[in-house]
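Participant: The sequence shown lines up with residues 0 to 113 when you count with numbering that gives the first Met the number 0. The structure that follows is given in the form of structure tokens.
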Amino acid sequence: MNVLSVLAFAGLLAPPQSTHQVAKVIVPYELHVADSTLPEGEYVIQVLHTNSDIPQILFQPVRGGRQILANAGSIPAPDGAPARATVVAFERRGNAFQLKKIWIEGWTTGYEFR
């Protein structure tokens, strides 16, 4: 049975005028992102806008460790207004959790992972 869950986090680190979106989140358990796995822990999430049309999301462990870079698709915020909090949405598949979407506080665009 697939269950979509959502975690909301405070902690926007950069103002909306910055060229990169940055947020700090706590992942309470192992999450699968694209072809990689994020161990549980605290992460800084940075949205990198490159010359490509595809945004890349960088997950940096706060306490060191392997960084993960994942491609994402841009999606509008559910109500069209800036997100009131940073939100990480995931889907549970058995005992595993797959990262599905991220919205960052203050932004009207979110990101979806396949």
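Glycine included, each C-beta is placed from N, C-alpha and C at the ideal position.
For the beta strand (DSSP E) containing residue 46, name the first residue and the last one.
Facilitator: Looking at the DSSP string, the run of the beta strand (DSSP E) that includes residue 46 is 40 to 47.
Participant: Can you look up residue 85 in the DSSP assignment and give me helix, strand or coil?
Facilitator: strand
Participant: In this structure, how does DSSP classify residue 27 when only helix, strand and coil are distinguished?
Facilitator: DSSP, read as helix, strand or coil, puts residue 27 in coil.
Participant: By Cβ distance below 8 angstroms, which residues in the same chain neighbour residue 9 in space, the five residues on each side in sequence not counted?
Facilitator: Only weak support exists for where residue 9 lies, its pLDDT of 41 falling under 50; the value from the coordinates is given anyway. Listed in chain order, the non-local C-beta contacts of residue 9 below 8 angstroms within the same chain comprise 84, 85 and 104, local neighbours out to five positions each way being set aside.
Participant: Could you tell me which of 94, 109 and 61 sits nearest to residue 81, measuring between CA atoms?
Facilitator: 109
Participant: Candidates 102, 34, 42 and 112: which alpha carbon is nearest residue 28's?
Facilitator: 42
Participant: Alpha carbon to alpha carbon, how far is residue 45 from residue 92?
Facilitator: 26 angstroms
Participant: Please report the residue range of the beta strand (DSSP E) in which residue 111 lies.
Facilitator: 108 to 111
Participant: Give me, in chain order, the residues of the same chain whose beta-carbon lies closer than 7 angstroms to that of residue 49; leave out the 5 immediate sequence neighbours on both sides.
Facilitator: 55
Participant: Bridge partners for residue 73 per DSSP, in chain order?
Facilitator: Within the DSSP bridge table, the entry for residue 73 names 110 as partners.
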